[in-house]
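Peer 1:
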Amino acid sequence: MIWVHDLKVTFGKGAHTVKAVRGLSFQVAEGDSFGIVGESGSGKSTVLRALAGLNPAWTGQVEIAGRQQAARRDKAFYKLLQMVFQDPYGSLHPRHTIDRILAEPVAIHRLGDADRRIDRVLEEVGLGPGFRFRYPHQLSGGQRQRVAIARALVLEPRILLLDEPTSALDVSVQAEVLNLLARLRQERELTYILVSHNLAVVAHMCERLAVMNHGRLVEELTAEQLRAATPTEPYTRQLLTASLGYDRAAIDQFEDFEATA
Amino acid sequence: MAEDPLLTVEDLRVDFETATGVVQAVRGASFQVGREKLGIVGESGSGKSVTGRAILGLVPPPGKVEAKRLEFEGTDLLSADHRQMREIRGRRISMVMQDPKFSLNPVMKVGHQIAEAYRTHAQVAAGEAKRRTIEMLAAVRIRDPERVYEAYPHEVSGGMGQRIMIAMMLIPDPDLLIADEPTSALDVTVQLQILAILDDLVSERGMGLIFISHDLNLVASFCDRVLIMYAGQVMEVLDARDLKRAKHPYSRGLLNCLPRIDGGRGELTVLQRDPAWLEAKR
Chain S
9 MIWVHDLKVT FGKGAHTVKA VRGLSFQVAE GDSFGIVGES GSGKSTVLRA LAGLNPAWTG
69 QVEIAGRQQA ARRDKAFYKL LQMVFQDPYG SLHPRHTIDR ILAEPVAIHR LGDADRRIDR
129 VLEEVGLGPG FRFRYPHQLS GGQRQRVAIA RALVLEPRIL LLDEPTSALD VSVQAEVLNL
189 LARLRQEREL TYILVSHNLA VVAHMCERLA VMNHGRLVEE LTAEQLRAAT PTEPYTRQLL
249 TASLGYDRAA IDQFEDFEAT A
Chain W
206 MAEDPLLTVE DLRVDFETAT GVVQAVRGAS FQVGREKLGI VGESGSGKSV TGRAILGLVP
266 PPGKVEAKRL EFEGTDLLSA DHRQMREIRG RRISMVMQDP KFSLNPVMKV GHQIAEAYRT
326 HAQVAAGEAK RRTIEMLAAV RIRDPERVYE AYPHEVSGGM GQRIMIAMML IPDPDLLIAD
386 EPTSALDVTV QLQILAILDD LVSERGMGLI FISHDLNLVA SFCDRVLIMY AGQVMEVLDA
446 RDLKRAKHPY SRGLLNCLPR IDGGRGELTV LQRDPAWLEA KR
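Right, here's the structure in full:
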């Protein structure tokens, strides 16, 4: 479904060049859920933005649903692939009702029958028609993230890119949103790429995951390998140890993993 | 807790009067802190940060703080005047906030800010303050303290910024440190390294630490005791190692809704809130 080869993203010019992604290759089969884990600055969100066509400054090859992708994407592409962003407070227009937020993509793609589509998608994300004419500020963080998911789903895409979809939410709300995403994937046979700094979230949601550090793919492994605690790379092992909680003795063994050229 | 507590809080209430009515942020919280690591855990809006601020008299207006008892080593913090509070704040009890970006003065060198904190509380010459500051920066494991002393806040990373904040808060040698989500903006490995620094300093100096966090697993592995807050009330106080045996349905719900690395991929348990939890315990 998604095939990426030698993806590179560079920002800035001359001495101020930042190599955010330094040659990344992976593939995701249809209906799979693929996780990308990394710490801040590892380039994980940049990969998603390049795949979504939000950042045209990349090189390499990207093939999505059998089509080679250029820097710019056409309208049909966004019918196929949608993205859900991290911050449900910043990604919804504060002066638009939920109805208008959800009607806009339907109108852009001339799908028609907006009324029925909006009602159905709100039902699917567990909000119900009562939320249709409210404003984002009248909703909680979890409800807003459900609206953001509804906005992505209203076009009935086949691929969802999820950029830290629950990191702004309380843990009890996180559980609800993760359950919703898992159920939707099953019902609609969606393909996911989920980016997160939280290993537990990725282990829970994905069959396979890639660990990134300083723009490189450190290791690709299955969730089972992660669960069995058998990563081969020292960076992944350290990340795993750190994710398991505070252990005074283990912390003294931590190393800095610097960027390699 | 065997020895005398440093801080005793009894029936703490914090109300905010707003246009739409009174918001009760803390509703009758009682606890004690000794020379130990106490974790306060709760979700957003549970009143955990306001509790920390109320201890230091830092609740912003229109907030009103009431308590049957709010006592720090024999001093009643509620009746203390401004002069007494200034003696206590920083010198005896200090506080590390969540984001170093907003807590440091952006136009003042890091070293000068720490030295200023020291000289506010100790009568020392500028040279001595600088020497102590550099010592302190080294104590929070900053590799090149002389360089960092001369740096501005925008020149340091988030993890470094939080080490600087901890250095600034610990240099007057307080008895109690309140840390409000000191590491939640940081990467997980950096977070643990900073907690290790706090841990060592707390045990070396015999300080008390109140660690406020939303991360139940982290608190359970880091602190000695855990206090779980919900809607401004203390739901349960537990020894950290007994957390898995928590009894209150809210604590259990919080534990169960976390995805686990070694867990299955089944549906996560969703926390069911019981309206009865909201009824204030009188």
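Residue numbers (my numbering), protein chains in the order written: chain S, 9 to 269; chain W, 206 to 487.
We treat Cβ as the ideally placed atom computed from N, Cα and C, and that holds for glycine.
Just how far apart, CA to CA, sit W:Met206 and W:Ala384?
Peer 2: Residue mapping note: residue 206 of chain W aligns to position 1 of the second sequence, counting from 1. Residue mapping note: residue 384 of chain W aligns to position 179 of the second sequence, counting from 1. With a pLDDT of 49 at W:Met206, under the threshold of 50, the modelled position of this residue cannot be trusted; read the value that follows with caution. Going by the C-alpha atoms only, they are around 21 Å apart.
Peer 1: Compare the C-beta of W:Glu550 against all C-beta atoms of chain S and say whether one is closer than 8 Å.
Peer 2: For residue 550 of chain W there is no data in the structure shown, the boundaries of chain W being 206 and 487.
Peer 1: Can you list, in chain order, the residues of the stretch 224 to 251 of chain W whose Cβ is nearer than 7 Å to any Cβ on chain S?
Peer 2: Result list: Glu248, Ser249.
Peer 1: Taking only beta-carbon atoms, is W:Pro358 less than 8 Å away from chain S?
Peer 2: Taking the second sequence and counting its residues from 1, the one referred to as residue 358 of chain W is at position 153. It does not: the Cβ of W:Pro358 has no partner Cβ on chain S nearer than 8 Å.
Peer 1: Starting from W:Glu409, follow the beta strand (DSSP E) in both directions and report where the run begins and ends.
Peer 2: The residue labelled residue 409 of chain W in the question sits at position 204 within the second sequence. Secondary structure note for W:Glu409: it is in no beta strand (DSSP E), and the uninterrupted alpha helix (DSSP H) holding it is 393 to 410.
Peer 1: Excluding the 5 residues flanking W:Arg487 on each side, which residues of the same chain have their C-beta closer than 8 Å to its C-beta?
Peer 2: Residue numbering aside, residue 487 of chain W sits at position 282 when the second sequence is read from its first letter. Note that W:Arg487 scores a pLDDT of 45, beneath 50, so its modelled location is shaky; the value from the coordinates is reported in the next line. Gly233.
Peer 1: Beta strand (DSSP E) containing W:Val270: first to last residue?
Peer 2: By 1-based counting over the second sequence, the position of residue 270 of chain W is 65. Looking at the DSSP string, the run of the beta strand (DSSP E) that includes W:Val270 is 268 to 271.
Peer 1: Once the 5 residues before and after W:Arg294 are set aside, which same chain residues still bring their CB inside 6 Å of it?
Peer 2: Locating residue 294 of chain W in the second sequence gives position 89, where the first residue counts as 1. Excluding residues within five positions, the ones whose Cβ falls inside 6 Å are Leu261.
Peer 1: If you run the structure through DSSP and keep just helix, strand and coil, what is S:Phe93?
Peer 2: Here residue 93 of chain S is taken as the residue at index 85 of the first sequence, counted from 1. S:Phe93 falls in the coil class under three-state DSSP.
Peer 1: Closest to S:Gln146 by C-alpha separation, out of S:Tyr200, S:His101, S:Pro113, S:Gly43, would be which residue?
Peer 2: By 1-based counting over the first sequence, the position of residue 146 of chain S is 138. Comparing Cα-Cα distances from S:Gln146 to each of S:Tyr200, S:His101, S:Pro113, S:Gly43, the minimum goes to S:His101.
Peer 1: Is S:Ile106 near the ligand SAH - that is, is its Cβ less than 7 Å away from at least one heavy atom of it?
Peer 2: Within the structure as shown, the ligand SAH is missing, as the structure has no ligands at all.
Peer 1: By the three-class DSSP mapping on this structure, what secondary structure does W:Gly244 have?
Peer 2: As a first step, residue 244 of chain W must be located in the second sequence, where it is residue number 39. DSSP places W:Gly244 in strand when its eight states are reduced to three.
Peer 1: Can you round the beta-carbon distance between S:Ala231 and S:Ala211 to whole angstroms, since I take them to be within the 8 Å contact cut?
Peer 2: Translated into the one-based positions of the first sequence, residue 231 of chain S becomes position 223. Translated into the one-based positions of the first sequence, residue 211 of chain S becomes position 203. Between S:Ala211 and S:Ala231 the Cβ distance is about 5 Å, and since that is below 8 Å, they are a contact.
Peer 1: Is the beta carbon of W:Ser456 sitting closer than 8 Å to the one on W:Met440?
Peer 2: As a working note, residue 456 of chain W is residue 251 in the second sequence. As a working note, residue 440 of chain W is residue 235 in the second sequence. The beta carbons of W:Ser456 and W:Met440 sit closer together than 8 Å.
Peer 1: Using only CA atoms, which one of W:Gly239, W:Leu309, W:Pro311, W:Leu263 lies nearest to W:Glu278?
Peer 2: Within the second sequence, residue 278 of chain W is the residue found at index 73, counting from 1. Closest option to W:Glu278, Cα to Cα, is W:Gly239.
Peer 1: Against chain W, does S:Phe262 count as a neighbour if the rule is that its beta carbon must be under 8 Å from one of theirs?
Peer 2: One-based indexing of the first sequence puts residue 262 of chain S at position 254. By this cut-off, S:Phe262 is an interface position.
Peer 1: Could you tell me whether the stretch 176 to 191 of chain S touches the stretch 27 to 35 of chain S, using the rule of 3 or more Cβ pairs below 8 Å?
Peer 2: no
Peer 1: Do three or more CB pairs link the stretch 302 to 309 of chain W to the stretch 376 to 391 of chain W at distances below 8 Å?
Peer 2: With three or more CB-CB distances shorter than 8 Å, the stretch 302 to 309 of chain W counts as touching the stretch 376 to 391 of chain W.
Peer 1: Tell me, please, which residues DSSP counts as bridged to S:Ile167.
Peer 2: On the first sequence, position 159 is the one that residue 167 of chain S refers to. Its beta-bridge partners are S:Leu89, S:Thr199.
Peer 1: For a cutoff of 8 Å on Cβ pairs, would you count W:Pro311 as touching chain S?
Peer 2: Position 106 of the second sequence, counting from 1, holds the residue named residue 311 of chain W. Taking Cβ atoms only, chain S never reaches closer than 8 Å to W:Pro311, which makes this a no.
Peer 1: Residues of the stretch 159 to 183 of chain S with a CB closer than 7 Å to any CB of chain W: list them in chain order, please.
Peer 2: Asp178, Val179, Ser180, Ala183
Peer 1: If you scan the stretch 245 to 314 of chain W from start to end, which runs of the alpha helix (DSSP H) of 4 or more residues do you find wholly inside it?
Peer 2: 253 to 260, 287 to 293, 305 to 308
Peer 1: Please report whether the beta-carbon of S:Val219 lies at a distance below 8 Å from any beta-carbon of chain W.
Peer 2: Stepping through the first sequence from its first residue, residue 219 of chain S is reached at position 211. So no, S:Val219 is outside the interface.
Peer 1: Just curious, the beta strand (DSSP E) that W:Val439 is in, first and last residue?
Peer 2: Position 234 of the second sequence, counting from 1, holds the residue named residue 439 of chain W. Per DSSP, W:Val439 belongs to the beta strand (DSSP E) from 438 to 444.
Peer 1: Candidates S:Leu161, S:Pro113, S:Arg118, S:Pro173: which alpha carbon is nearest S:Arg128's?
Peer 2: Taking the first residue of the first sequence as 1, we reach residue 128 of chain S at position 120. Among S:Leu161, S:Pro113, S:Arg118, S:Pro173, the Cα nearest to that of S:Arg128 belongs to S:Leu161.
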